[in-house]
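Numbering (our numbering), first residue to last: 4 to 221.
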């Protein structure tokens, strides 16, 4: 299940880049350089503080800036979605905001992201040997509507949302009611306790994402 179908990609703008912090980890530098390189192919709209080329482009919606951001992204075929860092289990709203807004994420960050998100639904920079290759693939999709729509309409989540919702509820029950330690039964547990702690945060975000943007759209 996809959140919404877009039948005519030609009616959409090319790509956006929305960032406000230039000193937030290695990803801050990497994503700016990627945006500049992608802009050599086509103009990328940058309404944030970083690389800004648009003024007052994002209006808050009911005082909620993220809603305004998501509304802005809906006009674009692609969204540059680079995390601040590249850590196992660390996936943030940078990816999910693009999914919610029906825009294909160009993602850099969590090496384990495809454990929970469908690799057919976004462009994962980890799948390429260089950013030049990533950009060539973006250009390929940009000029092939059928393949673009195939990716856009792919379900963002790998799992059955109803089943995972139940599993998450059981997981939280084991923690709250039985006092089990989170990392002992953490669905997103990977190699160590530090990663598990980060993955707990991902689990909470995923639970909210499923409830708000998947189950209610059935």
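For each residue, glycine too, the CB sits at the ideal point set by N, CA and C.
Put simply, the backbone Cα of residue 116 is about 12 Å away from that of residue 123.
Ranking 76, 109 and 99 by CA distance to the CA of residue 50 puts 76 first. In this structure, the alpha-carbon of residue 89 lies about 24 Å from that of residue 55. Membership of residue 142 in any beta strand (DSSP E) is not indicated; the residue belongs instead to the alpha helix (DSSP H) covering 134 to 145.
For the set 59, 119 and 46, the Cα lying nearest the Cα of residue 83 is the one of 46.
In the DSSP annotation of this structure, residue 25 is not part of any beta strand (DSSP E), being labelled neither H nor E. Taking a cut-off of 8 Å on C-beta distances, the stretch 145 to 157 touches the stretch 94 to 109, as three or more cross pairs fall below it.
The continuous beta strand (DSSP E) containing residue 18 extends over residues 16 to 19. Under the three-state reduction of DSSP, residue 52 is assigned to coil, being neither helix nor strand. Residue environment: residue 130 is assigned as exposed (fewer than 16 neighbouring CB atoms within 10 Å of its CB, all protein chains considered). DSSP links residue 84 through a beta bridge to 110. Here DSSP, grouped into helix, strand and coil, assigns residue 32 to helix. Residue 105 carries a coil assignment under DSSP once its states are collapsed to helix, strand and coil.
Of the residues assessed, residue 52 falls on the exposed side of the cut-off, its CB having fewer than 16 other CB atoms within 10 angstroms. For residue 150, the uninterrupted alpha helix (DSSP H) run begins and ends at 148 to 155, by DSSP.
Out of 79, 133 and 87, the CA that lies nearest to the CA of residue 145 is found in 79. Within the same chain, and ignoring the five residues on either side of residue 20 in sequence, the residues whose Cβ sits closer than 6 Å to its Cβ are 38, 47, 49 and 83.
For residue 71, the uninterrupted alpha helix (DSSP H) segment begins and ends at 68 to 76. Taken through DSSP and simplified to helix, strand or coil, residue 98 comes out as helix.
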